[in-house]
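Asks:
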Amino acid sequence: MKKSLYIHGAYVESNSGEFFETINPATGEVIEQIGQASLKDVEGAIESAERGFAVWSSMTAVERSRILLKAVSILRERNDELAALEVLDTGKPLQEANCVDIHSGADVIEYYAGLVPALQGTQQDLDVNTFFLSKREPLGICAGIGAWNYPIQIA
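Mapping of the sequence shown onto our numbering: residues 12 to 166, in sequence order.
(1) By alpha-carbon positions, which one of G28, I45 and I163 ends up nearest to E97?
(2) Should S68 go down as buried or exposed, given a rule of 16 or more other Cβ atoms within 10 Å for buried?
(3) Please determine, among E54, V66 and S59, the residue with the shortest C-alpha to C-alpha distance to H19.
(4) For F64, tell me which candidate among G157, E148, I156 and N35 has the shortest Cα-Cα distance.
(5) Within 10 angstroms of its Cβ, does Y22 collect 16 or more other Cβ (buried), or is it exposed?
(6) I'd like to know whether the C-beta atoms of I120 and L150 end up nearer to each other than 7 Å.
(7) Taking Cβ positions, are Q44 and E29 nearer each other than 7 Å?
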């Protein structure tokens with residue numbers, strides 16, 4: 012089965028037309044063929060992230076926290092399904108994937124969701140008549156390359 016790329020909330024075919032195979036390390040069988048992104052696909056994903064950032068950064072901290080908590084809920088609801096996929100992809104024991112991977116990933120997101128509403132700037136006096144103010148706010152998009160062995164926790 013071939014899988015498409017997921018960009019801007021929709022499945023899209025890769026502009027490269029190329030695929031890579033993800034292999035079950037226990038059996039050597041191909042699990043899926045996944046679209047290999049071209050530079051044009053990556054640029055489209057970056058543009059989508061920039062549009063999303065404009066929406067995200069205009070939300071209140073509480074709104075952003077609620078979205079993260081919804082992601083936590085989805086991860087926990089789909090724990091068994093996601094753990095089974097992780098076992099196929101990495102070959103790790105089901106017990107580890109089922110009891111550690113998805114749970115710890117959800118825990119990390121939940122932790123940061125709890126911090127978001129508490130983020131505040133600070134005011135620091137420089138002298139009697141002068142002070143500076145720092146403000147914590149979203150700065151922009153970023154890309155990360157996560158570890159293969161705990162992808163949900165790193166994401």
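Quick reminder that beta carbons are idealized off the backbone N, C-alpha and C, glycines included.
Replies: So, from the data block:
(1) Counting from one through the sequence shown, the residue named residue 97 turns up at place 86. Comparing Cα-Cα distances from E97 to each of G28, I45 and I163, the minimum goes to I163.
(2) Taking the sequence shown and counting its residues from 1, one reaches residue 68 at position 57. S68 counts as exposed, since fewer than 16 other beta carbons sit within 10 angstroms of its beta carbon.
(3) For the purposes of this step, residue 19 is taken as residue 8 along the sequence shown, with counting starting at 1. The shortest C-alpha to C-alpha distance from H19 to any of E54, V66 and S59 is the one to S59.
(4) On the sequence shown, residue 64 is found 53 positions in, with the first residue counted as 1. By alpha-carbon distance to F64, the top candidate from G157, E148, I156 and N35 is E148.
(5) Sequence index remark: in the sequence shown, residue 22 carries index 11 (1-based). Counting the other Cβ atoms within 10 Å of the Cβ of Y22 gives fewer than 16, which makes it exposed.
(6) Here residue 120 refers to the residue found at position 109 when the sequence shown is read from its first residue. Here residue 150 refers to the residue found at position 139 when the sequence shown is read from its first residue. In this structure, I120 sits away from L150, with a CB-CB distance that is not shorter than 7 Å.
(7) One-based indexing of the sequence shown puts residue 44 at position 33. One-based indexing of the sequence shown puts residue 29 at position 18. Going by C-beta atoms, Q44 is not nearer than 7 Å to E29.
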